[in-house]
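K.L.:
First, the structure itself, so that you have it in front of you.
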Amino acid sequence: MFFALALITIDLAAGLHAKVVETGGDEFYLKTMWSVVYWSIQVLAWLVIPLCQQYPYTGEFSFFRKLLASIWANLLFYIVIGAVGVVVGVALAISVLVYNGKNPDEAISVNIQEVILIAKSISNAFGLTMLICFLGYGMVEFPRYLWNQSNMERKLAFFQFQGAKLYDQLQDEYDILLTKLDVVRRLDSKISHEDDLRKYVDIMMETAKEEMIIAKQKGDVRSSSNGEPLPDDIRRAYLVKIHKELIDAIRAHQKAEYQWEHLQKQAFWCEDVINSRNNPTKAISSPFRKTRRVVPASVEFYYYKYARKHLYRLLTVAFIPFVLILCYSEFVPLLSKHVATDKNLSVLGLFIRTMDNNRFLLQVVGLGLLSTIATMLYYGMFNMDLISMYQVIPHHSDAASLLYSTVFLCRCVPALCFNFLQMLGIKSDDQVAFYSVMGIMQLDGLAAVGKIGVWFSDYFPILLVVVAVLTLFNIVDRLAATCGRERFTFKSLDDQSIQEGKILLQKSRRRRVLEMRSNGEDTELDTSSDIVLQVQPDVDSYNLSDDDVDSDGGNSLPANMNSKLSKSTADRLKSVYEKHNKKKREREKNKSSK
């Protein structure tokens, strides 16, 4: 996949350089390489990776049955794709018949090569559709992300907002996991060693072994009296179902647990950076790292206090004109055809063609441009969060999530290369081997439907600009919010979720510091409790204790806290207490009932 990005720049440089020096170039070798890369990507995207993605999580117990279950899980997708292909094929056949009826002297016939060309065009069109969605979203959100990264207070508020949601999600996933562990434990007791199903139960016990040990150490073993009832007649299909649910529960809990741990580290570091700005020692004090540093303390201190903010804002400012040029470049094929057919109207294309005589420089600059576009594409792909189960998590993504993202990458890469050439104003007569393998998505093999392909390749990429505009005005996020996918917008620091997340993170921070000191770990002094946070001064100036947050007194604040806070702040913090204690009582009630 990533080799294709390098290959397209080599192909571009070879084609333009060969055109300048009037040689045949390396077209034969590039065509061979493109054939291998293109068809490998197609086989991976449409067959191999979808099967591998489902294989480990089917719940089956043998290789052959896992493979069959994986095929069955993908069968619906293949049926839909096949139905679309049949509809398109019938429509094309009808259009050919109509064309032949109107033009008997120019009657055309369809051969296998033209069918393959049409199939390739449909696949490429599907990839181009995903490219438009992801790149249009990433072109706006990535510069916006860089701008928000320049403000540490906003970052901390974002972590607090996420912390409240992740903590609740972690508790819910843990409850589900304990329920599934209880079912497996009761199956282990019910099915005897002489039973034919025993070998399947042993596999399930091995799957749950580590989680059972951890739950037992925490004292979170569920009572089986009110658990999920077991059927009187246990069959293999039931064990497969429970095994799949167990695997999914373990995956979901491990993902939520790691996300919570990772978020705490990020939030604590952000908090330490904010609190150390006025540190007289000119160093960032944090109890969660060793005193040994790779970068000198003073360099790190001045970077976070002065340079970092301006660096991120400078990157944002640099991205804005680049994004505008990309938006304009999407109109280049259309403008070249209807305004000036003999001129290259692409800004990027004119810039690239100034290096025709220097093949190496052309490759380096082309790879830099394509890598920048790919960065925005991948950011949009990984942050649209289409399916939360397959969310990519730094350093902790499971196989299914990685394969899920790989499918999107495989389907987008050919379309990305095609769109890159279109934005540069590169045409089929520029001796670029890529077009000979992928085609130009104009269905030239069928004159009867050629106009459809011409319209698609000229007009459809313009939708990328439409997606970018919708993202710029947060319409995409508003639509996601209506579907229950709320996102943090950095507009309000008084959100109740932020206040709740702040309390949870403060509790966790104190607990971790005490654990580290009790274990005798060599850490830096924790000064966070002595420094007022700058996000909400009147709330953060009071350090909440575990007894305050978890008190049985219900929803009222401690008397000494009321004397320190303004009425509006106390009311706001009181609502946080109410929500936190309500959720805590519900969890304890559910745990005792189960």
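Counting with mature numbering (1 follows the signal peptide of the UniProt record, and there is no 0), you get residues -18 to -1, 1 to 576 for the letters of the sequence shown. For every residue, glycine included, the Cβ atom is placed at its ideal position computed from N, Cα and C.
1. Pop quiz: residue 34 and residue 385 are said to be a contact at Cβ under 8 Å. What is the actual Cβ separation, rounded to whole angstroms?
2. Among the candidates 93, 374 and 390, whose CA atom is the shortest distance from the CA of residue 240?
3. Residue 252 and residue 450 - do their beta-carbons sit closer together than 8 Å?
4. Roughly how many angstroms lie between the CA atoms of residue 378 and residue 237, to the nearest whole one?
5. Among the residues of its own chain, which have a CB less than 7 Å from the CB of residue 313, if the five just before and after it don't count?
6. Residue 235: buried (16+ other C-beta within 10 angstroms of its C-beta) or exposed?
7. From residue 258 to residue 301, what distance separates their C-alpha atoms?
8. Check for me: the alpha helix (DSSP H) holding residue 314 runs from which residue to which?
9. Determine the direct distance from the alpha carbon of residue 390 to that of residue 96, and round the result to whole angstroms.
10. Return the chain-ordered list of same chain residues with a C-beta closer than 6 Å to the C-beta of residue 129, the five sequence neighbours on each side being excluded.
11. Please state the DSSP three-state secondary structure of residue 261.
12. Can you give me the C-alpha to C-alpha distance between residue -3 and residue 118, rounded to a whole angstrom?
13. Give a yes or no on contact between the segment 99 to 111 and the segment 325 to 343, applying the rule of three or more CB pairs nearer than 8 Å.
14. What do you get for residue 332, buried or exposed, if any count of 16 or more other CB atoms within 10 angstroms of its CB means buried?
15. Would you grab the beta carbon distance between residue 58 and residue 397 for me? Rounded to a whole angstrom, and I think it's under 8 Å.
16. When DSSP labels each residue in this structure, what does residue 393 get in the three-state scheme?
17. Using the Cβ count rule (16 or more neighbours within 10 Å means buried), how would you classify residue 395?
18. What three-state label does DSSP hand residue 378 in the structure shown?
19. Compute the Euclidean distance between the alpha carbons of residue 401 and residue 461, then round it to the nearest angstrom.
20. Looking only at its own chain, which residues have a Cβ that is under 8 Å from the Cβ of residue 441, when we skip the five neighbours before and after it?
21. Counting pairs of beta carbons, one from the segment 402 to 411 and one from the segment 70 to 80, are three or more of them closer than 8 Å?
22. Could you check where the alpha helix (DSSP H) with residue 82 kicks off and where it finishes?
23. Suppose you measure from the CA of residue 223 to the CA of residue 196; what does that come to, to the nearest Å?
24. From residue 539 to residue 188, what distance separates their C-alpha atoms?
25. Just tell me which of 456, 27 and 329 has its CA closest to the CA of residue 109.
26. Give the secondary structure of residue 408 by DSSP, where H, G and I count as helix, E and B as strand, and everything else as coil.
27. What does a CB cutoff of less than 8 Å around residue -13 pick up in its chain, not counting 5 residues either side in sequence?
28. Looking at the structure shown, is residue 179 part of a helix, part of a strand, or coil, going by DSSP?
29. Would a C-beta distance cut-off of 8 Å place residue 286 and residue 266 closer than the cut-off?
30. According to DSSP, simplified to helix, strand and coil, what is residue 359?
31. Quick check on residue 491: buried or exposed, where buried means 16 or more other Cβ atoms within 10 Å of its Cβ?
32. Helix or strand or just coil, what does DSSP make of residue 366?
33. I'd like the span of the alpha helix (DSSP H) that includes residue 106, first residue to last.
P.N.:
Per the coordinate set shown:
1. 6 Å
2. 374
3. no
4. 7 Å
5. 444
6. buried
7. 31 Å
8. 314 to 320
9. 26 Å
10. 298
11. coil
12. 28 Å
13. no
14. exposed
15. With a Cβ gap of about 24 Å, residue 58 and residue 397 do not count as contacting.
16. helix
17. buried
18. coil
19. 27 Å
20. 316
21. no
22. 45 to 84
23. 24 Å
24. With a pLDDT of only 49 at residue 539, under the threshold of 50, the placement of this residue in the model should not be trusted, and no figure is reported.
25. 27
26. coil
27. 349
28. coil
29. yes
30. helix
31. buried
32. coil
33. 94 to 131
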